[in-house]
Amino acid sequence: MVFSSVIFLCFFLPVVFLLHRVLPGIRLKNAVLTVASLLFYGYGEPVFVFYLICLVFLHYLAGKAARKKGHFPKPLFVALLILDIITLFAFKYVGFFVESVNAVLGLTIPVPQIALPIGISFFTFQIMSYAIDAYRDEKLIQDNFFDLLLYISFFPQLIAGPIVRYSDIAVQLRARSAPPEQVADGFRRFIVGLAKKVLISNTMAVTADALFSQVDAGLSMPEAWLASLSYGLQIYYDFSGYSDMAIGMGKMFGFHFLENFNYPYAATSVADFWRRWHISLTTWFREYVYIPLGGNRKGMPRTLLNIFIVFLLTGIWHGANTTFIVWGLYYAVFMIAERLGAIPVKKIKCKPLLWLYTMFIVFTGFIIFRADSLSDAWVVLRALFSFSDLSRTGFAGALSQVDGYFVFILVIAVVCSFPVAKKIWAKLSNRPAAAPLSYVASALLLALCMLFLITDSYNPFIYFNF
88 MVFSSVIFLC FFLPVVFLLH RVLPGIRLKN AVLTVASLLF YGYGEPVFVF
138 YLICLVFLHY LAGKAARKKG HFPKPLFVAL LILDIITLFA FKYVGFFVES
188 VNAVLGLTIP VPQIALPIGI SFFTFQIMSY AIDAYRDEKL IQDNFFDLLL
238 YISFFPQLIA GPIVRYSDIA VQLRARSAPP EQVADGFRRF IVGLAKKVLI
288 SNTMAVTADA LFSQVDAGLS MPEAWLASLS YGLQIYYDFS GYSDMAIGMG
338 KMFGFHFLEN FNYPYAATSV ADFWRRWHIS LTTWFREYVY IPLGGNRKGM
388 PRTLLNIFIV FLLTGIWHGA NTTFIVWGLY YAVFMIAERL GAIPVKKIKC
438 KPLLWLYTMF IVFTGFIIFR ADSLSDAWVV LRALFSFSDL SRTGFAGALS
488 QVDGYFVFIL VIAVVCSFPV AKKIWAKLSN RPAAAPLSYV ASALLLALCM
538 LFLITDSYNP FIYFNF
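Each residue of the sequence shown is one higher than the one before, counting from 88 in the numbering used here.
Here is the structure:
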């Protein structure tokens, strides 16, 4: 990952950007981006790049057939959705399904070992978005196969999102511009995302991984809370960092992607958290699942059922493990409780209290999300409330996992989880020296990230697995 990251930053991205910049016409620009995207994906997935191309081609042919008829026939649309769901299930869930059947029925069916294409959940949801949007509005049917391929394979957000709905980008595939101010803003956004990932997330990951690897030996209460905090910050800065990089690179090439995070750790309810966290996924489920099921238009029982279905699917989307399913249902319970008023978040006026409640739910939930199994999750959850472990030995175990640098990064991570820097920059951005200083700061931050990438081999991307 380090070698490929350095190559990407020093060679791949600059070359693609310069070619895109100098070539005339949108067709040539799109061609460069399409070839670059396929090379990018093929570098890590040389076989599955052909699967990606074939999947896009089938949807292109379906759209072409629908164009001749003047509308998208429902049987054809349903067939595309079934194809997408079956292929996603075959790659991602069939092994888990067979294991579950064996466990429940006591069978010994051989479990197929199927390699998982990187980012399959992201690009499958995008191709489904195309099918749904084209079915709803035949004007959105794509006549150019390579433009459709670019939409699905665009390298900034191909393997870890954000999920881009086709209706949001259809026009940009045919006409877009990237003035110097936008390119500069995109470059700065990219560097901020890179710093989030390399400097903050990776630091939190070392401590989180070390503590979760000790689950079998047991954790003290301080160690359990440190594991929860460090992983919660790791996953936020990992995924929001990658989203920032994708949005920044998109701007550099003239694309405008919707925001994927909006300071979720400033949320004051579980519903508020999900309006701020992984916005592209929650938007996808709202537009393509929740609203078509009836949303909140068919009475409270139906609304609660729809919420349950959405969060069950959210858990399943994240991976083939009972931990993800339970994590999704965990949030369904709290979302339903807030909707019914059983947890009266609208009546409580004390925002600090609401914030504490929300963060308790979120960071406790991340233990379920991170654990390798439900039994491991239970060990850590039980340790969270093991007050008998509040001894010198328990604190010593937690302190052994941190050092001065970790504490320094932890403080930065916590502060930057709130819109403090955003508000400060809003006040300073109009000053004459603001722009030059931002370029200097960006250059220094980029140099620091490069230094860390070259010298440190630990650089995991959590959401590559989804």
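All residues carry an ideal CB built from backbone N, CA and C; glycine is no exception.
Since residue i and residue j are thought to touch, with beta carbons under 8 Å apart, how far apart are those beta carbons, to the nearest angstrom?
i	j	result
residue 211	residue 260	No, residue 211 and residue 260 are not in contact; Cβ-Cβ is about 19 Å, not under 8 Å.
residue 288	residue 321	5 Å
residue 290	residue 313	At roughly 13 Å, the Cβ-Cβ gap does not stay under 8 Å, so residue 290 and residue 313 are not in contact.
For residue i and residue j, what's the separation of their Cα atoms in angstroms?
i	j	result
residue 89	residue 543	For residue 89, the pLDDT reaches just 42, beneath the cut-off of 50, and the residue's location in the model is therefore unreliable, leaving the point undetermined.
residue 541	residue 126	23 Å
residue 485	residue 309	6 Å
residue 251	residue 330	11 Å
residue 444	residue 356	7 Å
residue 165	residue 145	13 Å
residue 152	residue 282	46 Å
residue 103	residue 134	23 Å
residue 437	residue 473	28 Å
residue 327	residue 456	17 Å
residue 138	residue 181	18 Å
residue 535	residue 272	19 Å
residue 319	residue 231	42 Å
residue 428	residue 363	21 Å
residue 422	residue 106	48 Å
residue 171	residue 358	29 Å
residue 296	residue 132	26 Å
residue 111	residue 383	48 Å
residue 245	residue 239	7 Å
residue 391	residue 403	18 Å
Just curious, the alpha helix (DSSP H) that residue i is in, first and last residue?
i	result
residue 252	Premise fails: residue 252 is in no alpha helix (DSSP H) and is neither H nor E.
residue 155	135-156
residue 115	113-131
residue 435	Looking at the DSSP string, residue 435 is not in any alpha helix (DSSP H), and its letter there is neither H nor E.
residue 309	308-339
residue 240	232-240
residue 366	366-372
residue 102	100-109
residue 219	207-223
residue 415	409-427
residue 390	387-405
residue 172	161-179
residue 493	491-503
residue 523	521-542
residue 472	Looking at the DSSP string, residue 472 is not in any alpha helix (DSSP H), and its letter there is neither H nor E.
Should residue i and residue j be called a contact, given that it needs their Cβ atoms to be closer than 9 Å?
i	j	result
residue 446	residue 352	yes
residue 99	residue 285	no
residue 524	residue 278	no
residue 316	residue 306	no
residue 556	residue 140	For the chain, the structure presents residues 88 to 553; residue 556 sits outside this window and is missing.
residue 412	residue 399	yes
residue 124	residue 241	yes
residue 209	residue 407	no
residue 178	residue 196	no
residue 470	residue 311	yes
residue 449	residue 360	yes
residue 149	residue 167	yes
* Any chance the region 400-416 sits against the region 242-256, with 3 or more Cβ pairs inside 8 Å? -> no
* Inter-stretch contact (C-beta, 8 Å, three-pair minimum) for the region 233-249 and the region 153-164 -> no
* Counting pairs of Cβ atoms below 8 Å between the region 109-129 and the region 188-203, do you hit three or more? -> no
* Should the region 298-316 be regarded as contacting the region 213-226, the criterion being three or more beta carbon pairs within less than 8 Å? -> no
* Determine, using beta-carbon pairs with one atom in the region 326-342 and one in the region 372-389, whether at least three such pairs fall under 8 Å. => no
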